[in-house]
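Below: one structure, written as structure tokens.
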Amino acid sequence: MSMSEFQTIKYDLSDNIATITLNRPERLNAAPVEMATEISDALAQAVSEGARCVLMTGEGRAFCSGADLAAGSDGSSRGLGGDGAKWSLNYAYNPMMRALAELPIPLVTAVNGPAAGVGCSMGLAGDFVVASESAYFLQAFVNIGLVPDGGATWMLPRLIGKARAMEMMMLGEKIRADRAYEWGMVHKVVDNDSLMDEALALAKRLAEGPTMALGLMRRLAVENLDRSYAEALDAEANAQREAGNSDDARIGAVAFLKKEKAQFTGK
Numbered sequence: 190m191s192m193s194e195f196q197t198i199k200y201d202l203s204d205n206i207a208t209i210t211l212n213r214p215e216r217l218n219a220a221p222v223e224m225a226t227e228i229s230d231a232l233a234q235a236v237s238e239g240a241r242c243v244l245m246t247g248e249g250r251a252f253c254s255g256a257d258l259a260a261g262s263d264g265s266s267r268g269l270g271g272d273g274a275k276w277s278l279n280y281a282y283n284p285m286m287r288a289l290a291e292l293p294i295p296l297v298t299a300v301n302g303p304a305a306g307v308g309c310s311m312g313l314a315g316d317f318v319v320a321s322e323s324a325y326f327l328q329a330f331v332n333i334g335l336v337p338d339g340g341a342t343w344m345l346p347r348l349i350g351k352a353r354a355m356e357m358m359m360l361g362e363k364i365r366a367d368r369a370y371e372w373g374m375v376h377k378v379v380d381n382d383s384l385m386d387e388a389l390a391l392a393k394r395l396a397e398g399p400t401m402a403l404g405l406m407r408r409l410a411v412e413n414l415d416r417s418y419a420e421a422l423d424a425e426a427n428a429q430r431e432a433g434n435s436d437d438a439r440i441g442a443v444a445f446l447k448k449e450k451a452q453f454t455g456k
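In case it helps, this note's numbering puts the sequence shown at residues 190 to 456.
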């Protein structure tokens, strides 16, 4: 087991699963610049330590209530105003979202309550989004005269279509867990008490899978959205070559011939 000390998150590596818990429950896990930076660092640490899946959730009754731009540890207010917001996005929040998107291993998000603003983008970044019954997703920027960030304007139209994305972004209303499931935003909705058990079971299944192939799948699923069909076919062929040369592919082939369950090693 590996545990690390962070100021705004908790990190634990156990059974090949790196669990990242947003840890500012008194602020509904509102994310200051420091949290975004620590999440990026924790993701890099998970990969370097050989994690085969990342599970991300929030402490307390919220997943993440959005960015906390005025909470700089140095007492500055760089997050306030347009120039400060741009600096915070470029310095911390956008790199965090890219780190989530480019993670070479599966990502499960256990959304245990409100997921607003950049917290919404973080929650929906999971390959599998498991939401509690009390969870909701919110893009409330319109209510304060701002535009969605954290990749939301790219992510939402691709995830739920333009019409529903515009509803979320321009009306700024809560999308509760059951509706999010109907829209195809989440993998499943479970009762509050069983959220972490369900999410951990899913993370364990993914952590026992062919890690390289799973990472290639998540990369192709995003990158091929902006490719032509022919380009996507070429990308699949290149990925198949890479996966096919892995130890896990050989293990899988032998297990298939023996009619046994493959015991993948993640290599």
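Built from N, CA and C at the ideal position, the CB exists for glycine as well. These figures come from a predicted structure and were not determined experimentally.
**Message:** One question on the structure: do Asn-301 and Ala-324 come within less than 8 angstroms of each other, judged by their Cβ atoms?
**Reply:** In the sequence shown, counting from the first residue as 1, residue 301 sits at position 112. In the sequence shown, counting from the first residue as 1, residue 324 sits at position 135. Result yes, Cβ atoms of Asn-301 and Ala-324 sit closer than 8 angstroms.
**Request:** Would you be able to state if there are at least three C-beta pairs under 8 angstroms between the segment 408–418 and the segment 351–358?
**Result:** No: fewer than three Cβ pairs fall under 8 angstroms.
**Item:** Inter-residue Cα distance where the pair is Met-406 and Leu-296
**Value:** Numbered from its first residue, the sequence shown carries residue 406 at position 217. Numbered from its first residue, the sequence shown carries residue 296 at position 107. Met-406 and Leu-296: Cα-Cα distance of roughly 12 angstroms.
**Request:** Please list the segments of the alpha helix (DSSP H) lying wholly inside the segment 299–369, counting only runs of 4 or more residues, in order along the chain.
**Result:** Runs of the alpha helix (DSSP H) inside the segment 299–369: 307–313, 341–349 and 351–360.
**Request:** Assign Ile-294 to one of two classes, buried (16 or more other C-beta atoms within 10 Å of its C-beta) or exposed (fewer than that).
**Result:** As a working mapping, residue 294 is identified with position 105 in the sequence shown. Residue burial is scored here from C-beta neighbours: Ile-294 has at least 16 other C-beta atoms within 10 angstroms and is therefore classed as buried.
**In chain order, each alpha helix (DSSP H) run of at least 4 residues that lies wholly inside the segment 378–452** = Listed in chain order, the complete alpha helix (DSSP H) runs (minimum 4 residues) inside the segment 378–452 are 384–396, 400–412, 418–433 and 436–447.
**Request:** Quick one: which unbroken alpha helix (DSSP H) runs of 4-plus residues sit fully inside the segment 200–240? Chain order, please.
**Result:** Those alpha helix (DSSP H) runs which fall completely within the segment 200–240 and span 4+ residues are 222–237.
**Item:** First through last residue of the beta strand (DSSP E) which encompasses Leu-289
**Value:** By one-based count along the sequence shown, residue 289 stands at place 100. It is not in any beta strand (DSSP E) - Leu-289 instead sits in the alpha helix (DSSP H) that spans 283–290.
**Prompt:** For the candidate residues Gly-361, Val-378 and Leu-345, whose alpha-carbon lies nearest to that of Gly-334?
**Reply:** Reading the sequence shown from its first residue, position 145 is the one you call residue 334. In this structure, Gly-361 is the residue among Gly-361, Val-378 and Leu-345 with its C-alpha nearest to the C-alpha of Gly-334.
**Prompt:** What are the partner residues of Leu-296, as DSSP defines its beta bridges?
**Reply:** Translated into the one-based positions of the sequence shown, residue 296 becomes position 107. Paired residue(s): Val-243.
**Asked** So who's on the other strand from Ala-256, going by DSSP bridges?
**Response** On the sequence shown, position 67 is the one that residue 256 refers to. Looking at the DSSP assignment, Ala-256 forms a beta bridge with Ala-220.
**Request:** Pull up the DSSP beta-bridge partners for Ser-193, would you.
**Result:** Counting from one through the sequence shown, the residue named residue 193 turns up at place 4. DSSP lists Tyr-200 as the bridge partner or partners of Ser-193.
**Request:** Taking all protein chains shown into account, decide if Tyr-282 is buried (16 or more other Cβ within 10 angstroms of its Cβ) or exposed.
**Result:** Locating residue 282 in the sequence shown gives position 93, counting from the first residue. Around the beta carbon of Tyr-282, 16 or more other beta carbons lie within 10 angstroms, which makes this residue buried.
**Request:** Measure the CB-CB distance between Gly-274 and Cys-253 and report whether it falls below 8 angstroms.
**Result:** Numbered from 1 along the sequence shown, position 85 holds the residue referred to as residue 274. Numbered from 1 along the sequence shown, position 64 holds the residue referred to as residue 253. Note that residue 274 is Ala in the sequence shown, not Gly. Remark: C-beta atoms of Ala-274 and Cys-253 do not approach each other more closely than 8 angstroms.
**Prompt:** Among the residues of its own chain, which have a CB less than 7 angstroms from the CB of Leu-292, if the five just before and after it don't count?
**Reply:** Translated into positions along the sequence shown, residue 292 becomes position 103. For Leu-292, where only same-chain residues beyond five positions count, the Cβ hits under 7 angstroms are Leu-232 and Val-243.
**Prompt:** Between the beta-carbon of Pro-337 and the beta-carbon of Met-355, is there less than 8 angstroms?
**Reply:** Within the sequence shown, the letter at position 148 stands for residue 337. Within the sequence shown, the letter at position 166 stands for residue 355. Their beta carbons are not under 8 angstroms apart, which means Pro-337 does not touch Met-355 by this criterion.
**Message:** Quick check: the Cα distance between Met-385 and Val-379, rounded to an integer number of angstroms?
**Reply:** To locate residue 385, count along the sequence shown from 1; it is residue 196. To locate residue 379, count along the sequence shown from 1; it is residue 190. When rounded, the distance between both Cα atoms is 10 angstroms.
**Item:** Per-residue DSSP class, three states only, for Gly-373
**Value:** The count along the sequence shown starts at 1 and reaches residue 373 at position 184. Gly-373: coil per DSSP, three-state reduction.
**Request:** Please state whether DSSP places Gly-270 in a helix, a strand or coil.
**Result:** The residue labelled residue 270 in the question sits at position 81 within the sequence shown. Reduced to three states, the DSSP call for Gly-270 is helix.
**Request:** Indicate the three-state DSSP secondary structure (helix, strand or coil) for Lys-275 in the structure shown.
**Result:** For the purposes of this step, residue 275 is identified with residue 86 of the sequence shown, where counting begins at 1. Three-state result, Lys-275: helix.
**Asked** With a Cβ-Cβ cutoff of 8 angstroms, do Asn-212 and Ile-228 count as a contact?
**Response** As a working note, residue 212 is residue 23 in the sequence shown. As a working note, residue 228 is residue 39 in the sequence shown. The beta carbons of Asn-212 and Ile-228 sit no closer together than 8 angstroms.
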